[in-house]
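Numbering follows the UniProt record's numbering, in which position 381 of the sequence shown is assigned residue number 381; successive positions increment by one, without gaps.
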Amino acid sequence: MNRVGSESVNALVRPIDGLSLPLAIRSNQSSVKLKGWKVAIKANIATTSPSKTLDQVNPVTSCASKVLSDYVSPFQATVANLIESNGGEILVDKANMDEFGMGSYNVHSIYGPVKNPRDLSRVSGGSSGGSAAAVASGSCRIALGTDTGGSVRLPASYCGVVGFKPSYGRFSRWGVVSYASSLDTVGILGKTVEDCEKVYDVLDWRDEKDPTSLAFNTFPQISREFKNITVGIPAHVPSILPELTLCLYSNMIEKLESKGVKIVPVTLDNHKHALGAYYTIASAEASSNLARFDGIRYGRLDENNSGPENVRNMFGDAVKKRIMLGSFVLGSNAYSSYFSQSQKIRRLIQISYNDIFKQAHPITPSINSARKNEKVDFILTPASSNIAPTLEKVAAGELVDEFMDDVMTVPASLAGLPALVVPSGFIAGNMGVGMQIIGQFGDDKRLFRIGQEME
Ligand code: GLN
């Protein structure tokens with residue numbers, strides 16, 4: 001792979017006024033778990049100035065939005081505190097992203113698009129494209145991103161790095177700017193499964209400041225032993241893949257089989273409705289969460305200091321579309337036909353996963369079904385159906401094409417399940433597709449075990 005610096009890929013960004021910041025670091029030398037590891041943090045996760053002597057260095061938690069372009073958080077997110085207290089060195093420059101996490105290609109950003117370090121004519125994937133590109137181009141060892149519907153997994157797949165999304169409630173969301181609160185998770189991007197697992201161990205923390213952060217005893221203790229493992233292949237997936245991706249998928253299946261894993265076909269009901277349900281629910285929650293950017297509670301006034309209506313005008317087009325769609329589906333005329341239908345689909349998708357996993361869901365009870373699916377430990381799919389598209393193609397495309405690229409990632413988000421993406425080889429020059437392994441709720445740790453076998 002041709003290494004290119006993060007500057008040419010636009011992975012790491014600085015305040016929009018152009019002030020040049022040194023790459024300052026702050027670390028706690030007393031703890032060694034991540035000692036000396038450089039960590040990039042996505043621009044929607046709050047970080048604060050590294051030290052009193054470097055007061056002029058203020059990392060902006062801008063969410064890549066004009067609305068927050070000069071926002072300096074007075075406090076730091078729990079996940080960033082955990083990285084630091086374990087010796088990690090947080091970069092002051094923040095990782096570029098799609099505005100407020102809305103997008104799949106990292107082209108909706110005030111800082112401009114993030115290019116794919118493997119091929120500069122292609123997108124990095126979004127919305128955590130800066131995080132993935134910073135890892136892929138060697139600017140940091142690890143990056144934190146956020147994954148609401150695939151924003152860590154899709155860029156990991158496109159940039160050829162490892163990407164992890166935890167069970168919902170596993171990592172603290174305190175200090176993370178909300179997009180769709182019932183789906184938002186903090187995720188990890190790294191070069192190897194082992195590195196991501198080390199960071200996972202640091203971030204696996206019950207945080208009283210986040211009401212959705214779950215207590216440790218919610219999750220069952222599952223043995224990490226790699227024995228009698230069964231992996232399910234969803235019956236609908238191979239038929240929607242182009243030939244080259246199918247080839248990588250088959251290779252991964254064979255690799256796991258050669259390591260003693262049993263492969264079985266599984267049927268996942270209602271998954272064809274996942275994308276529609278996801279975009280309905282995510283937009284509805286976004287329209288409510290983004291109401292706080294009114295220039296009074298949060299958000300800057302424009303140059304003329306005129307009223308809140310102008311603050312709302314500073315949102316980019318992709319964000320405005322979500323707010324309008326979300327407000328529509330929550331309106332009294334559309335609520336029952338769109339929003340509540342989508343919530344029902346979400347529940348049916350959760351049930352369809354519960355139906356096929358050997359482990360019981362620790363929170364939501366299973367419903368006895370007549371289905372004869374063989375039970376599995378994990379489910380394997382590609383993380384994207386294709387390699388990263390070119391920037392040119394994306395610029396000419398419709399927003400709906402962008403939505404389609406989340407088809408592999410949103411089902412696990414709707415069900416709150418953990419998922420790990422591992423690079424699986426090349427199909428076009430330097431470009432490849434990552435393979436996604438999904439586990440039962442709470443089974444995060446074993447994903448790293450099987451992930452090592454997939455590398
Ligand atoms: N592409 C999806 C969206 O725009 C996922 C985003 C995310 O996970 N933050 O909603």
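Backbone N, C-alpha and C define an ideal beta-carbon position, used for all residues, glycine too.
Residue i - partner residues in DSSP beta bridges
i	result
residue 522	Outside the displayed span of the chain (1 to 455) sits residue 522, for which this structure offers no information.
F164	I188 and L420
F426	G432
G439	F378
K262	T230
R122	T390
E89	K38
D147	T185
I45	V176
Environment of residue i [buried if 16+ CB atoms lie within 10 Å]
i	result
M408	buried
V135	buried
I450	buried
S342	buried
A64	buried
V32	exposed
G331	exposed
S27	With a pLDDT of 45 at S27, under the threshold of 50, the modelled position of that residue is not reliable, and the figure given next carries that caveat. Its Cβ being crowded by 16 or more others within 10 Å, S27 is buried.
N96	buried
7 Å CB neighbourhood of residue i in its chain, flanking five on each side removed
i	result
E257	I263
L447	P418, L420, I437 and G439
I83	L34, V39, I90 and V202
Y71	V60, T61 and S62
S283	R322, L325, G326 and V329
L348	D269 and N270
R224	K445, R446 and R449
V79	I45, L144, F171, S172, V186 and L203
Proximal residues to residue i (C-beta, below 8 Å), its chain only, five neighbours per side dropped
i	result
S366	I351, N354, D355 and A360
N289	S178, Y179, A180 and S181
M252	L380, S424, M435 and M454
Which listed residue (the options) has its alpha carbon closest to that of residue i
i	options	result
G432	F219, V162 and L380	V162
G429	A282, D210 and A388	A388
S104	F426, G397 and N217	G397
P362	T381, V237, S167 and Q76	S167
A43	G87, I427, N58 and V123	N58
N81	W174, R292 and G187	W174
I110	C140, G316, M435 and Q221	G316
F100	N373, A318, I281 and G187	A318
E392	R206, L68, S124 and T245	S124
S73	I45, S85 and D98	I45
N386	G276, L241 and F339	L241
K259	C247, T230, T280 and L244	T230
Same chain, Cβ closer than 6 Å to residue i, neighbours up to 5 away in sequence not counted
i	result
P265	I233 and A235
G129	N106, V114 and P155
A286	Y179, A180, R322 and G326
S8	none
S20	Annotation note: pLDDT 39 at S20 (below 50); position unreliable, no value reported.
Y249	P382
residue 456	For residue 456 there is no data in the structure shown, the boundaries of the chain being 1 and 455.
residue 462	A question about residue 462 goes unanswered here, because the residues of the chain that appear run from 1 up to 455.
Whole-Å CB distance - residue i paired with residue j, under 8 Å assumed
i	j	result
S137	T390	That belief does not hold up - the Cβ atoms of S137 and T390 are roughly 18 Å apart, past 8 Å.
T185	K165	6 Å
K94	L214	In fact, because the Cβ distance is near 28 Å, the residues do not count as touching under 8 Å.
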